[in-house]
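Here is the structure we will look at, set down as structure tokens.
Residue numbers (the working numbering): 2 to 293.
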């Protein structure tokens, strides 16, 4: 055992070096953006920031959070994420459970139809016309309803439900429990890991949702955070946030720093959620790799 461990040591050292380099390359851009957003205007303008903040300052964050447009878009994104995730998880569970039951009539054709949607869609223009004809255009529900269910997530959930002990379900049926009772009292309590995975998948997708809002929303009061971020990044400066800055030179320097602060503000919330459900992430991906 010791001889084998000694012979493997060079390989393990190489693996750790490669992993350390990969982590450094991955984290450096994020750390750099944080440092730029926390540095003084003079340090940012002089390009003195390389890794850590230079001349610590929170001025960019004060300007960002003093902007009512940002706060409104933040609220919109939180609303889209919370409501959309809750509805998506509920509908996915209600669709996955019947598909997990082998006694369901036409079970395989239903599964085939769902899998086909993973590779082929109706297209952008038909989707836009459908949303318009349903009266959802330029409403909050245009962001929530069209992407309500993911075929991949439903397959992952269905595969997990199939692992439930069949004898327990049969015993519940003999005791007079119906399908809703079995789902609520037996299947869901032992399926919280997959519920966490579904919530993570949907929450990340909703938080980063950009194209749906760009396509279906015209009212700027309904814009999510990603649209606000895009509009700010493609402009020379954030005019609404810079109204309190009178000096033109200082305004030009602060414009870039505000963009860094906006990137951090839009990224941190979902990063804080991820560690709490990360342990379920790999399990959910592995379950979804088997499709029947």
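Just so you know, even glycine gets a beta-carbon here, dropped at the ideal spot from N, CA and C.
Item to check | Residues near residue 219 in its chain [Cβ-Cβ closer than 6 Å; skip 5 each side] | outcome: To locate residue 219, count along the chain shown from 1; it is residue 218. Correct list, in chain order: 139.
Next on the checklist: Can you list, in chain order, the residues of its chain with a C-beta nearer than 7 Å to that of residue 111? Leave out the 5 residues immediately preceding and following it.
Outcome noted: Your numbering for residue 111 matches position 110 in the chain shown. For residue 111, where only same-chain residues beyond five positions count, the Cβ hits under 7 Å are 100.
Checklist entry - For the segment 51–137, which segments carrying the alpha helix (DSSP H) assignment without a break, of at least 4 residues, lie completely within its bounds, in sequence order? => result 60–66, 69–101, 108–117 and 125–134
Item to check | Buried or exposed by the 16-neighbour rule on C-beta atoms within 10 Å, applied to residue 199 | outcome: Counted from its first residue, the chain shown places residue 199 at position 198. So residue 199 counts as buried.
Item to check | Spatial distance of residue 258 from residue 108 (CA atoms) | outcome: Numbered from 1 along the chain shown, position 257 holds the residue referred to as residue 258. Numbered from 1 along the chain shown, position 107 holds the residue referred to as residue 108. The alpha-carbon atoms of residue 258 and residue 108 are separated by roughly 55 Å.
Next on the checklist: Once DSSP output is grouped into helix, strand and coil, what is the label at residue 20?
Outcome noted: By one-based count along the chain shown, residue 20 stands at place 19. Residue 20: helix per DSSP, three-state reduction.
Checklist entry - Can you tell me whether DSSP reads residue 139 as helix, strand or coil? => result Walking along the chain shown from the start, residue 139 turns up at place 138. Looking at residue 139 - three-state DSSP - the assignment turns out to be coil, as it is neither helix nor strand.
Next on the checklist: Less than 7 Å between C-beta atoms, sequence neighbours within five positions excluded: which residues of the same chain meet that for residue 125?
Outcome noted: Within the chain shown, numbered from 1, the residue matching residue 125 stands at position 124. The answer is none, since no qualifying residue turns up.
Checklist entry - Where residue 129 and residue 217 are concerned, what is the direct C-alpha to C-alpha distance, given to the nearest angstrom? => result By 1-based counting over the chain shown, the position of residue 129 is 128. By 1-based counting over the chain shown, the position of residue 217 is 216. Cα to Cα, the separation comes out at about 7 Å.
Checklist entry - When the Cα atoms are used, what is the spatial distance from residue 62 to residue 146? => result The count along the chain shown starts at 1 and reaches residue 62 at position 61. The count along the chain shown starts at 1 and reaches residue 146 at position 145. Cα-Cα distance, rounded: 33 Å.
Item to check | Unbroken alpha helix (DSSP H) run spanning residue 159, endpoints | outcome: As a position in the chain shown, residue 159 is number 158, starting the count at 1. Here the alpha helix (DSSP H) through residue 159 covers 152–162.
Checklist entry - In three-state terms, what does DSSP make of residue 48? => result Counting from one through the chain shown, the residue named residue 48 turns up at place 47. Note: residue 48 maps to coil in three-state DSSP.
Checklist entry - Between the segment 206–215 and the segment 159–168, do at least 3 Cβ pairs fall closer than 8 Å? => result no
Next on the checklist: Let me confirm a value: residue 179 is counted as buried when at least 16 other C-beta atoms fall within 10 Å, else exposed. Which label applies?
Outcome noted: The residue you call residue 179 lines up with position 178 of the chain shown. Residue 179 is exposed by the Cβ-count criterion.
Checklist entry - Among 41, 206, 26 and 15, which has the Cα closest to the Cα of residue 262? => result Position 261 of the chain shown, counting from 1, holds the residue named residue 262. If we check each option's Cα against that of residue 262, 41 comes out closest.
Item to check | Local conformation of residue 165 per DSSP, three classes | outcome: As a first step, residue 165 must be located in the chain shown, where it is residue number 164. Reduced to three states, the DSSP call for residue 165 is coil.
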